[in-house]
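What follows is the structure, given as structure tokens:
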């Protein structure tokens, strides 16, 4: 289907596809490479970068390929909660 999953036997996911596409581009792969064209088509057909998880959005914002307004903000206080707390980020 053109996308990438979280591991070798995983079905394609938006998180895996966005992160792999970005990583391959950062490593110097051409945007015209056949596997990247398939990956781009998978991402676009499943809602684009906005349809992925918050960690992928965070990395896209850091790299400047997505505006920070598209990312849900995590209150700073959440990072101060203990690891055992159910809502720890």
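Residue numbers (this note's numbering): 2 to 90.
For every residue, glycine included, the Cβ atom is placed at its ideal position computed from N, Cα and C.
Buried or exposed by the 16-neighbour rule on C-beta atoms within 10 Å, applied to residue i
i, result
"residue 5", "buried"
"residue 11", "exposed"
"residue 54", "exposed"
Endpoints, the alpha helix (DSSP H) within which residue i is located
i, result
"residue 16", "15-27"
"residue 35", "35-46"
"residue 59", "55-64"
Beta-carbon proximity of residue i to residue j, cut-off 9 Å
i, j, result
"residue 47", "residue 62", "no"
"residue 3", "residue 13", "yes"
"residue 81", "residue 88", "no"
"residue 44", "residue 7", "no"
Does the structure place the segment 13-22 close enough to the segment 32-43 that three or more beta carbon pairs sit under 8 Å?
The segment 32-43 vs the segment 13-22: in contact.
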